[in-house]
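Protein chains in written order, with my numbering: chain H, 1 to 118; chain X, 1 to 113.
First comes the structure, then the notes that go with it.
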């Protein structure tokens, strides 16, 4: 089955530093990847849609300068949390759509990254 | 706009008993509906999806869900719970023709031996 690898699984950083999270599709090409944020006991909230070779589309209320997304290849998208602050602490999850399954609305999810900002 | 409500953040059932996880949705256009399962330290895995074909959808691991338009529901069921079913379950909706998923808050299923 389709596998999405997300790295790191957990990261702790100091306030003011930047953190990069990687999302890789291991056995398929992903023209589209999605980034979600999940707060404790809340649902996954879509942050942005990442398309290979173009700028990401951010959801309303998500700061694009704060959460930089790069989708430079068909198997890798990265999310960089810039100048992280404690309120950015959360669980970040990526998903990817297999380009061969366009229109089927199927997303394959990574295991998530737990970010803790001190 | 779309929204999903999952009734019951925690559900406990005995091993061998019926599993029923509730999901109600709101959508301004015909929806696609999904159930995902998340095991500890793993990504979300698709259990099943409804895409306007048969209203009764069968998924993996013996789960199924029925789309009821009149009740705006998409409840997940399994006739006989197994210990390995213990996990977090998410219901999600996307509008027809749109890839964006809107998730419910999840239901944690505990199986009692």
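Backbone N, C-alpha and C fix where the C-beta goes; we use that ideal spot for every residue, glycine too.
From a predicted model like this one, the values you see are computed outputs, not experimental measurements.
Would you please state the rounded distance, in angstroms, between the beta carbons of residue 4/H and residue 92/H? I believe it to be under 8 angstroms.
With a Cβ gap of about 13 angstroms, residue 4/H and residue 92/H do not count as contacting.
Could you have a look at residue 106/H and say whether DSSP puts it in helix, strand or coil?
coil
Evaluate contact between the segment 25-33 of chain H and the segment 71-90 of chain H, counting only Cβ atoms and requiring at least three cross-stretch pairs below 8 angstroms.
yes
Tell me, please, whether the CB atom of residue 42/X is closer than 8 angstroms to any CB atom in chain H?
yes
Have a look at 11/H, 2/H, 6/H, 1/H and flag the residue whose alpha-carbon is nearest the alpha-carbon of residue 118/H.
11/H
Quick check: the segment 47-58 of chain X against the segment 13-27 of chain X, are at least 3 beta-carbon pairs closer than 8 angstroms?
no
Count the other CB atoms, across all protein chains shown, that sit within 10 Å of the CB of residue 99/X; report buried if there are 16 or more and exposed otherwise.
buried
Buried/exposed call for residue 54/X, threshold 16 Cβ in 10 Å:
exposed
Under 7 angstroms between beta-carbons, which chain H residues line up against residue 103/X? List them in chain order, please.
43, 44
With a threshold of 8 angstroms between beta carbons, is residue 60/H in contact with chain X?
no
Quick test of the definition: if touching needs 3 or more C-beta pairs under 8 angstroms, does the segment 76-96 of chain X touch the segment 27-34 of chain X?
yes
Where residue 95/X sits in the DSSP three-state scheme:
strand
Below 9 angstroms between beta carbons is the criterion; list the residues of the segment 45-62 of chain X that meet it against any residue of chain H, in chain order.
45, 46, 49, 51
By Cβ distance, which residues of its chain are closer than 6 angstroms to residue 81/X, with the 5 residues on each side in sequence left out?
13, 15, 17, 19, 111
Relative to the alpha-carbon of residue 23/H, which residue among 59/H, 72/H, 86/H has its alpha-carbon at the smallest distance?
72/H
For residue 40/X, the three-state DSSP class (helix, strand or coil)
coil
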